[in-house]
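Asks:
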Amino acid sequence: MPAGFEFSFTSSPDDAPVSPETPFRIGIVGDFSGRAGRGSPNVPGMAGDPGVYRIDIDNMEDVFAEIAPRLCLPVGENADVSINIEFGELEDFHPDALLDRVELFSKLRDLRGRLKSPSTFAQAAAELAVGGVSTDTADRPEPTAETPTAPAGSMLDQLLGGGAVQPVQTGPLVQRSGAIDKLVQAAVGPYVIPLADPRQDQCMDQVNAAMAGQLSSILHHPSFQQLEAAWRGVDFLLTGVEMDDPPIRLYLIDVPKSGLLGASDGESLPLSGALIDRLSGVPGEAPWGLLLGCDTFGSSDEDVAVLGAMSQLCAHLGAPFIAAGEIPGCSRVTGTPDSADWGSAPAVGSSWQALRASDQAGSLALVAPRFLMRLPYGRLTDPVDGLPFEELDGATHETFLWGSGAFLAGALLGRAYGQCGWAFRAEGVGEIGGLPVCTVQQGGDTEAIPCAEAWISDRVAEDILSRGLSVAQSIRGRDAVRLELRSLSATSSRLVGRWRG
141 MPAGFEFSFT
151 SSPDDAPVSP
161 ETPFRIGIVG
171 DFSGRAGRGS
181 PNVPGMAGDP
191 GVYRIDIDNM
201 EDVFAEIAPR
211 LCLPVGENAD
221 VSINIEFGEL
231 EDFHPDALLD
241 RVELFSKLRD
251 LRGRLKSPST
261 FAQAAAELAV
271 GGVSTDTADR
281 PEPTAETPTA
291 PAGSMLDQLL
301 GGGAVQPVQT
311 GPLVQRSGAI
321 DKLVQAAVGP
331 YVIPLADPRQ
341 DQCMDQVNAA
351 MAGQLSSILH
361 HPSFQQLEAA
371 WRGVDFLLTG
381 VEMDDPPIRL
391 YLIDVPKSGL
401 LGASDGESLP
411 LSGALIDRLS
421 GVPGEAPWGL
431 LLGCDTFGSS
441 DEDVAVLGAM
451 SQLCAHLGAP
461 FIAAGEIPGC
471 SRVTGTPDSA
481 DWGSAPAVGS
491 SWQALRASDQ
501 AGSLALVAPR
511 FLMRLPYGRL
521 TDPVDGLPFE
531 ELDGATHETF
541 LWGSGAFLAG
551 ALLGRAYGQC
561 GWAFRAEGVG
571 EIGGLPVCTV
581 QQGGDTEAIP
591 CAEAWISDRV
601 AEDILSRGLS
611 VAQSIRGRDA
621 VRLELRSLSA
631 TSSRLVGRWR
641 G
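FYI, our numbering numbers position 48 of the sequence shown as 188, with every residue one higher than the one before it.
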């Protein structure tokens, strides 16, 4: 076995059969607090001790509040300007919650409100520094001492972290003192209704566009997507799998991918000692039955080192580790992929091949591709009340929220345990339904987005399986995927665990 993932235990695993009353204990390994997305050091051994939290459908809100996820994300294109986002519950990932809770949007909403009113439009437009609202300056009154002007850097530009924008005059109504008798002014004033500025709609559109653009940047930032997908995966299991009879106990193991690695004297070790301690448990505690990973692993030397160490730890625990996987030789899976276009599996490197040939590879499984965690936001899918917003406008493949296929495997094995207790088989084929189904317009036709990233043929699925990965196939015309689960081992597809099937 390569030195990159050499690892050993002094004690042997407990191979005694579990009793029928032993609960199915599932641990989900992921960055649930958002440490990797708020500037925490991405250095092996520097992510802090992993927290372990028992979670169920009744205490999810309490656990969420205890973990208190938060992110620090850049604003606009300026990396020097950032916003902090704190989450108190799952619903806080929704755009309406972001519009209510994030200070940037509060300021933009205030600006938008003042633009709506004719009496405050002039000053608000000056703050906005609307460049190019009107190229016709002939009808604009000359600026006076009372005419508000914009600063060199507009409010909107400052909020979005950009450079200065040249101000323009907003042309408010100019008081003509002396032209009208003060007595007449006092009598007529209460009945004068300010007229709407003809540029009002354009100013409003600019603020709405700025809000929508920044909202899109937040929703599609990799750190935000990673955190949202992790929590929605937990919700997917809690709401989709019967947890009570027979008992399934779900735990969150809060550690970012960088925290899986250990560090000693400046050298990276395959696995964090704190993680080993957390997972090893204490005598008399119910054993782990399954570990699920929110992160994606490929064939890089670093990923192989972590997977190799995890395989040995899991073999010791008697519980396999299932995570999302990159298909060796394939850079991206979208549309209707053809494995003939991919590189050959042996080209991925000797460390990957050695991992698959190891005795402990039967304790690992990687699932590809990912699956859709929620519908995109928009008028016809999941409306946003506080803003005209269509998430699919200008959408790319990564605009959608894709989650780890390990959650599909967790649902499949959890349901198998619910039907058979410990007498179930882990490897094999099963279906998971009730997944989000999104349709888009393509060339005048309505097309469905596959629930699991791509339409994978049986031939391509066999090729993926031959490379050691479990495969999730989207089923046309249904809200379901077909999952064929196997171990990463090159010698046996059997996934090793405490089950007796």
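Cβ coordinates follow ideal geometry from the N, Cα and C atoms, glycine included. These figures come from a predicted structure and were not determined experimentally.
In terms of residue numbering, what span does the alpha helix (DSSP H) encompassing Gln-366 cover?
Replies: 362-380 is the span of the alpha helix (DSSP H), which, as asked, contains Gln-366.
Asks: Thinking C-beta only, is Ser-173 closer than 7 Å to Ile-223?
Replies: Cβ distance not < 7 Å, so Ile-223 and Ser-173 don't count as in contact.
Asks: Which residues does DSSP list as the beta-bridge partners of Gly-543?
Replies: For Gly-543, which the question treats as bridged, DSSP gives the partners Phe-511.
Asks: Which residues in the same chain have their Cβ closer than 6 Å to the Cβ of Gly-570, if we skip the five residues on either side of it in sequence?
Replies: Result list for Gly-570: Leu-552 and Leu-623, in chain order.
Asks: Among Asp-375, Leu-605, Phe-245 and Arg-510, which one has its Cα closest to the Cα of Arg-634?
Replies: With distances taken between Cα atoms, Arg-634 lies closest to Leu-605.
Asks: If you draw a straight line from the alpha carbon of Gly-558 to that of Ala-549, how long is it in whole angstroms?
Replies: Cα to Cα, the separation comes out at about 14 Å.
Asks: Smallest Cα separation from Arg-638: which of Gln-354, Asp-394, Leu-504 and Gly-429?
Replies: Ranking Gln-354, Asp-394, Leu-504 and Gly-429 by Cα distance to Arg-638 puts Gly-429 first.
Asks: Can you tell me whether DSSP reads Asp-198 as helix, strand or coil?
Replies: In the structure shown, Asp-198 sits in coil (DSSP, three-state: anything other than H, G, I, E or B).
Asks: I'd like the ranges of any alpha helix (DSSP H) spanning at least 4 consecutive residues and lying wholly in the stretch 216-275.
Replies: Correct list: 235-241, 243-256 and 258-268.
Asks: Does DSSP classify Gly-643 as helix, strand or coil?
Replies: The displayed coordinates of the chain run from 141 to 641. Any statement about residue 643 would go beyond what the structure contains.
Asks: Are three or more beta carbon pairs between the stretch 451-462 and the stretch 491-503 nearer than 8 Å?
Replies: The stretch 451-462 vs the stretch 491-503: in contact.
Asks: How would you call Val-332, buried or exposed, if buried means at least 16 neighbouring beta carbons within 10 angstroms?
Replies: At Val-332, the pLDDT of 48 sits below 50, so the modelled position is not reliable; the number obtained from the coordinates is stated separately. Exposed, by the Cβ-count rule.
Asks: Assess, as a yes-or-no matter, whether the stretch 413-420 is touched by the stretch 237-250 under the definition of 3 or more beta carbon pairs within less than 8 Å.
Replies: No, the stretch 237-250 is not in contact with the stretch 413-420.
Asks: When you compare only the Cα positions, how much space is there between Val-621 and Pro-576?
Replies: Taking the straight line from one Cα to the other gives about 11 Å.
Asks: Here's the rule: buried if 16 or more other CB atoms are within 10 angstroms of the residue's CB, otherwise exposed. What is Val-647?
Replies: This structure cannot settle anything about residue 647, because the visible part of the chain is limited to 141 through 641.
Asks: Looking at Ser-544 and Ala-426, is the spacing between their C-beta atoms short of 7 Å?
Replies: Contact: no.
Asks: According to the neighbour-count rule (16 or more other Cβ atoms, all chains shown, within 10 Å of its Cβ), is Leu-447 buried or exposed?
Replies: With 16 or more Cβ atoms within 10 Å of its Cβ, Leu-447 is classed as buried.
Asks: Between which residues of its own chain and Cys-470 is the CB-CB distance below 6 Å, once the five residues before and five after are set aside?
Replies: Excluding sequence neighbours, Cys-470 sits near Trp-482.
Asks: Sort Leu-211, Leu-367 and Ser-356 by Cα distance to Gly-170 and report the nearest one.
Replies: Measuring from the Cα of Gly-170, the nearest candidate turns out to be Leu-367.
Asks: Determine the direct distance from the alpha carbon of Leu-230 to that of Ala-449, and round the result to whole angstroms.
Replies: Whole-angstrom Cα-Cα distance: 32 Å.
Asks: So, under 8 Å CB-CB, Leu-431 and Leu-506 are touching, yes? Tell me the CB distance rounded to an integer number of Å.
Replies: That belief does not hold up - the Cβ atoms of Leu-431 and Leu-506 are roughly 13 Å apart, past 8 Å.
Asks: I believe Arg-339 touches Ala-265 by the beta-carbon criterion, under 8 Å. Please report the beta-carbon distance rounded to the nearest angstrom.
Replies: Yes, Arg-339 and Ala-265 are in contact; Cβ-Cβ is about 7 Å, under 8 Å.
Asks: Below 6 Å CB to CB, which residues in the same chain sit around Glu-530 once its five sequence neighbours on both sides are set aside?
Replies: Cβ neighbours of Glu-530 beyond the five flanking positions: Gly-518.
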